[in-house]
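Working notes for the structure below.
Protein chains in written order, with the numbering used here: chain B, 130 to 243; chain S, 266 to 376.
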């Protein structure tokens with residue numbers, strides 16, 4: 130088995146601030162994902178990376194940057210935090226892509242912007 | 266338009282009862298389905314996948330897929346309080362790098 134670690138667990142920022150979230154996986158998976166979840170609702174894909182040095186935009190990439198530094202790590206940057214924003218950011222990984230690719234999720238980073 | 270629609274939004278069943286969830290894909294290309302479950306404060310975890318017409322049973326969980334109508338359901342028999350969670354349906358297709366999640370159904374199992 131493996132594990133996905135997300136840091137920090139809680140992140141409090143100020144309006145306009147640049148904030149970085151980090152994700153590490155030891156599954157040796159090729160593909161990694163960043164999702165945003167609002168108020169315990171659905172998952173919206175921000176960015177994904179199918180291999181090291183690859184970056185693909187999801188449905189919600191505006192306002193975010195991402196970086197796949199190496200196979201095991203994937204970072205997400207909120208370029209300018211929005212006032213009163215509250216969301217959970219979930220990192221996931223999978224062995225490859227396609228219909229059989231089960232995604233494994235981390236516990237999430239909870240963002241609050243004051 | 267969202268590719269995956271789930272119903273109901275929330276569901277309450279007594280302990281030992283049957284919980285049933287529905288899901289439909291609005292895109293005929295997306296006909297491979299997964300069910301994920303998310304307990305409060307945790308990340309989602311895959312429950313089961315279903316890619317062929319008919320039923321697939323894993324313990325207390327049974328999924329049913331009708332590809333003609335792009336409708337998939339999940340049924341939990343003998344529901345336990347520990348089954349209380351947010352249940353997501355997700356759809357994908359061949360030669361696609363990503364999966365699309367529905368908005369989820371919140372299940373509460375009352376002791």
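Ideal placement from N, C-alpha and C gives every residue a C-beta, glycine not left out.
Cβ contact (3+ pairs, closer than 8 Å) linking the stretch 137-147 of chain B and the stretch 331-345 of chain S
no
Report the three-state DSSP secondary structure of residue 347 of chain S (helix, strand or coil).
The residue labelled residue 347 of chain S in the question sits at position 82 within the second chain. Residue state, collapsed to three classes: helix.
Determine the direct distance from the alpha carbon of residue 357 of chain S to that of residue 330 of chain S, and round the result to whole angstroms.
If you number the second chain from 1, residue 330 of chain S lands on position 65. If you number the second chain from 1, residue 357 of chain S lands on position 92. Rounded to the nearest angstrom, the two C-alpha atoms are 14 Å apart.
CA-to-CA distance, residue 334 of chain S to residue 308 of chain S, given in whole angstroms
Reading the second chain from its first residue, position 43 is the one you call residue 308 of chain S. Reading the second chain from its first residue, position 69 is the one you call residue 334 of chain S. The alpha-carbon atoms of residue 308 of chain S and residue 334 of chain S are separated by roughly 30 Å.
Look at the alpha carbon of residue 300 of chain S and the alpha carbon of residue 143 of chain B, and state the distance between them as a whole number of angstroms.
Translated into the one-based positions of the second chain, residue 300 of chain S becomes position 35. Translated into the one-based positions of the first chain, residue 143 of chain B becomes position 14. In a straight line, the C-alpha of residue 300 of chain S is about 36 Å away from that of residue 143 of chain B.
Count the other C-beta atoms from every protein chain shown that fall within 10 angstroms of the C-beta of residue 197 of chain B, then say buried if there are 16 or more, exposed otherwise.
Within the first chain, numbered from 1, the residue matching residue 197 of chain B stands at position 68. With 16 or more other Cβ atoms within 10 Å, it is buried.
With 8 Å set as the bound, which would you pick, yes or no: does the beta-carbon of residue 330 of chain S sit closer than that to a beta-carbon of chain B?
By one-based count along the second chain, residue 330 of chain S stands at place 65. No, no contact with chain B.
Using 8 Å for Cβ pairs, my map puts residue 315 of chain S next to residue 322 of chain S. What's the rounded Cβ distance?
Walking along the second chain from the start, residue 315 of chain S turns up at place 50. Walking along the second chain from the start, residue 322 of chain S turns up at place 57. With 8 Å as the limit, residue 315 of chain S and residue 322 of chain S do not qualify as a contact, their Cβ atoms being about 10 Å apart.
Using beta carbons (cut-off 8 Å, strictly below), is residue 351 of chain S in contact with chain B?
For this step, residue 351 of chain S is matched to residue 86 along the second chain. So, interface residue.
Measure how close the beta-carbons of residue 349 of chain S and residue 372 of chain S come, nearest whole angstrom, since I'm counting them as under 8 Å.
To locate residue 349 of chain S, count along the second chain from 1; it is residue 84. To locate residue 372 of chain S, count along the second chain from 1; it is residue 107. Between residue 372 of chain S and residue 349 of chain S the Cβ distance is about 6 Å, and since that is below 8 Å, they are a contact.
Would you mind working out which of S:328, S:284, S:273 and S:278 sits nearest residue 319 of chain S, comparing C-alpha positions?
The residue labelled residue 319 of chain S in the question sits at position 54 within the second chain. Considering only alpha carbons, the answer is S:328.
Go ahead and pull the three-state DSSP assignment for residue 210 of chain B.
Here residue 210 of chain B corresponds to residue number 81 of the first chain, with the count starting at 1. Here residue 210 of chain B sits in coil by DSSP.
Does the contact criterion of 3 or more C-beta pairs under 8 Å hold for the stretch 270-288 of chain S versus the stretch 231-242 of chain B?
no
For a contact defined as C-beta to C-beta under 9 Å, what are the partners of residue 232 of chain B on chain S?
The count along the first chain starts at 1 and reaches residue 232 of chain B at position 103. Simply 299, 301, 309, 311, 355 and 364.
Excluding five sequence neighbours on each side, which residues of the same chain lie with their C-beta closer than 6 Å to the C-beta of residue 185 of chain B?
Translated into the one-based positions of the first chain, residue 185 of chain B becomes position 56. 177.
Given a cut-off of 8 Å, decide if residue 288 of chain S and residue 298 of chain S are closer than it, judged by their beta-carbon atoms.
Against the second chain, residue 298 of chain S aligns to sequence position 33. Against the second chain, residue 288 of chain S aligns to sequence position 23. It is a contact, given that the beta carbons lie within the stated cut-off.
Is there a C-beta anywhere in chain S that falls below 8 Å from the one on residue 170 of chain B?
Within the first chain, numbered from 1, the residue matching residue 170 of chain B stands at position 41. So, interface residue.
Host beta strand (DSSP E) of residue 326 of chain S (start-end)
Within the second chain, the letter at position 61 stands for residue 326 of chain S. Note, residue 326 of chain S: beta strand (DSSP E), 326-331.
CA-to-CA distance, residue 169 of chain B to residue 182 of chain B, given in whole angstroms
The residue labelled residue 182 of chain B in the question sits at position 53 within the first chain. The residue labelled residue 169 of chain B in the question sits at position 40 within the first chain. Going from the Cα of residue 182 of chain B to the Cα of residue 169 of chain B covers about 31 Å.
Please name the residues in the stretch 150-184 of chain B whose beta-carbon is closer than 7 Å to at least one beta-carbon of chain D, in chain order.
Absent from the structure is chain D; the protein chains it does hold are B and S.
Between which two residues does the beta strand (DSSP E) containing residue 198 of chain B stretch?
Position 69 of the first chain, counted from the start, is the residue given in the question as residue 198 of chain B. Looking at the DSSP string, the run of the beta strand (DSSP E) that includes residue 198 of chain B is 193-199.
Contact defined as beta carbons within less than 8 Å: I believe residue 367 of chain S pairs with residue 303 of chain S. What is the distance between those atoms, to the nearest angstrom?
If you number the second chain from 1, residue 367 of chain S lands on position 102. If you number the second chain from 1, residue 303 of chain S lands on position 38. Separation of the CB atoms of residue 367 of chain S and residue 303 of chain S is rounded to 12 Å, and the pair is thereby denied contact status at 8 Å.
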